[in-house]
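In this note's numbering, the protein residues as written are 91 to 466.
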Amino acid sequence: MNRCRICKGELSKELLVLKNVPAAAQNMPATREELCADKGIDLALCQCLNCGVLQHTAPPVPYYREVIRASGVSEAMKHFRLEQFSSWVKRYDLIGKKVFEAGCGRGEYLALMNASGVTACGTEFSDSGIIACRQQDLQVFKTFFDTGEETMPQAPYDGFFILNFLEHIPDIPAFLTGIRKNLKENAPGIIEVPNLDMILANAQLTEYSCEHIYYFTAANLTAMLQNHGFDVISCRSVWHDYIISAEVIKRKAVDLSSCHAVRQELTAQIHHFAAQCGKCAFWGAGHQALTTLALTGMDRKKICFVADSSPEKQNRFTFTTHIPIVAPEALADDDIDGVIVACGGYSDEVAGLVTQRFSQIRHLAILRENKLEIIK
Ligand SMILES: [Zn+2]
C-alpha cells in the first residue's frame, strides 16, 4: 500500500489518474534515441487520509533537487517581490541580518531580497544555477536538505524563504528539519506553494504534473507546517490567487524555567511547615502528593505517614520516598499535630474532616497546585 510521503498515513484510493502525461518537464528529448526512450506516465492522485495532503504516487523526477525557473522573473513579479520582501524584512526587523533561500535557482530572487536590506544567500543543487548565481556575485552554497542533518556555512541564519519549491521535494519532513537546523530560534520565514484551492475551484487538471508531488490548500499547508516545527503567522493566496504564501516563525521551545523557582519555594514552605509540627502527616497518596513528596525531599523523619482512604494504597509505601501509607484513622494518634492535605479537588472537604475529627491537629495546610495554603 502506498503511504503518504509526509506523515506515512494511509492514502485514499486514486481520485484522478491522468494517462500518458509527460514524465518530466525539463530536458526535453532532442535526439532520435531520446525520442525513442521518451514514454508518458500515468499520474495517479491520492489524498492522505491522515494529513489531507493531495499527492501523486509516481516516482519523483530525477532532477527534483534542482530549482529551474525557466521563465525568469517578469517586471510585474519583480515589483511584487520587492514590495513583499521589503515589508517582510521590516516587519521582522531583519535589516542588516542574514537570510537564506532554500532552492535559489539562478538567483532570480536573491538579488531582490538583497535589495530589501538583508544579506541573502541561497542553497542550490544544480551546477548551472550555482554558476549563474556566482556570475552575479550572489552567494550560493551547493546543498540540499536530504536528511535534515546538513549544516550550511555561516549558520545559524536570521530568516529564510522558499518559493514554489517545497511541492517538488519527496521528503518534506527532512527538508524542513534541515531548514530549521540552520536557523536561530524564532527566525521568520516565507513559504510559498501553488494554490490548490484555486486549482480545485477551476478544475485545472493541467496543473497536476510529475514535478509537483504535493498540492496544498491553505489549510493543509498551515497544518503541515505547524506539524513540522513552525508557527504559522499568516497563510493567504497571493499573485492573482496562483500562490499560497505562508509567513512562519521557527517554533521556540516552551519555557519551563520558572518551575525551578516554584520547586524551591514549595520545598521551603513544606520544610518550614513540617519543622513547626511535633509529628507531621500527609493526607493523600495521589500522583500530585507523591511527586510533591519526592521533589521536595521529604522522608519518614519529616512526614511520619501518608493517610489515604483507598484500601488499595494502604499498608504500602510511597514511591521513592518510602513513607508508609495508612488508613486516615491513624491521624487519631495524639502525637500527630500537623497535617498537609493533598487531595486535589477534594482537599477542602478533607481539611474540613480533619478539623472535625482530629481536634489535636494544631497545624493544617492544603497543597494547592504548587504552593502550600496554611489553614491553621
Ligand atoms: Zn499525510
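We put the CB at the ideal spot given by N, CA and C, even for glycine.
Are residue i and residue j closer than 8 angstroms when you measure CB to CB?
i      : j      : result
ILE451 : VAL429 : yes
ALA210 : PHE190 : yes
ALA134 : THR147 : yes
THR408 : LEU383 : yes
GLY442 : GLN378 : no
SER206 : PHE250 : no
GLY268 : GLY238 : yes
ILE252 : GLY193 : yes
LEU457 : LYS466 : no
ILE280 : TRP178 : yes
ALA422 : PHE448 : yes
ILE393 : ALA364 : yes
ASP287 : THR312 : no
To the nearest whole angstrom, what separates the beta carbons of residue i and residue j, a pair I think is in contact under 8 angstroms?
i      : j      : result
CYS300 : ALA115 : 7 angstroms
VAL111 : ILE131 : 6 angstroms
ILE426 : ALA371 : 5 angstroms
SER102 : GLN145 : That belief does not hold up - the Cβ atoms of SER102 and GLN145 are roughly 10 angstroms apart, past 8 angstroms.
GLU257 : HIS302 : 5 angstroms
ALA375 : ASP398 : 4 angstroms
ASN310 : GLY142 : 5 angstroms
Let me know if residue i comes out buried or exposed under the rule of 16 or more other beta-carbons within 10 Å of its beta-carbon.
i      : result
ILE360 : buried
ASP105 : Here the sequence assigns Leu to residue 105, which means Asp is not the residue at that position. Under this definition LEU105 is an exposed residue.
ALA91  : Looking at the sequence itself, residue 91 is Met, so the reference to Ala does not match. The residue is exposed, with fewer than 16 neighbouring Cβ atoms inside 10 Å.
HIS318 : buried
VAL107 : exposed
GLU173 : exposed
ASP389 : exposed
ARG171 : buried
ALA291 : exposed
SER469 : In the structure as shown, the chain starts at 91 and stops at 466, and residue 469 therefore has no counterpart that could be examined.
Which same chain residues end up closer than 6 angstroms to residue i when comparing Cβ atoms and leaving out the 5 residues on each side of it in sequence?
i      : result
ASN159 : Before going on, a small fix: residue 159 reads as Arg here, not Asn. Once the five neighbours on either side are set aside, the close Cβ partners of ARG159 are GLY195, GLU198.
PHE215 : ARG155, GLU156, PHE234
GLU240 : THR233, GLY268
Between residue i and the rest of its own chain, which residues show a CB-CB distance below 7 angstroms, the 5 nearest in sequence each way excluded?
i      : result
ASN140 : CYS94, CYS97, GLY99, GLU100
ARG113 : Reading off the sequence, residue 113 comes out as Ala, not Arg. Excluding residues within five positions, the ones whose Cβ falls inside 7 angstroms are LYS129, GLY130, ILE131, CYS300.
ALA222 : ARG196, GLY197
PRO243 : PHE231
ASP321 : VAL338, ILE339, ARG341
(message) Count Cβ pairs between the stretch 182-189 and the stretch 325-334 that sit closer than 8 angstroms; are there 3 or more?
(response) The stretch 182-189 vs the stretch 325-334: no contact.
(message) Whether or not the stretch 317-333 and the stretch 345-354 are in contact is what I'm after, with contact meaning three or more pairs of Cβ atoms, one per stretch, closer than 8 angstroms; do they touch?
(response) No contact exists between the stretch 345-354 and the stretch 317-333.
(message) With three or more C-beta pairs closer than 8 angstroms as the rule, is the stretch 244-264 touching the stretch 91-103?
(response) Between the stretch 91-103 and the stretch 244-264, the count of Cβ pairs shorter than 8 angstroms is three or higher; the stretches touch.
(request) Report yes or no: do three or more beta-carbon pairs, one from the stretch 339-346 and one from the stretch 275-284, lie closer than 8 angstroms? (result) The stretch 339-346, when compared against the stretch 275-284, does touch it at the 8 angstroms Cβ threshold.
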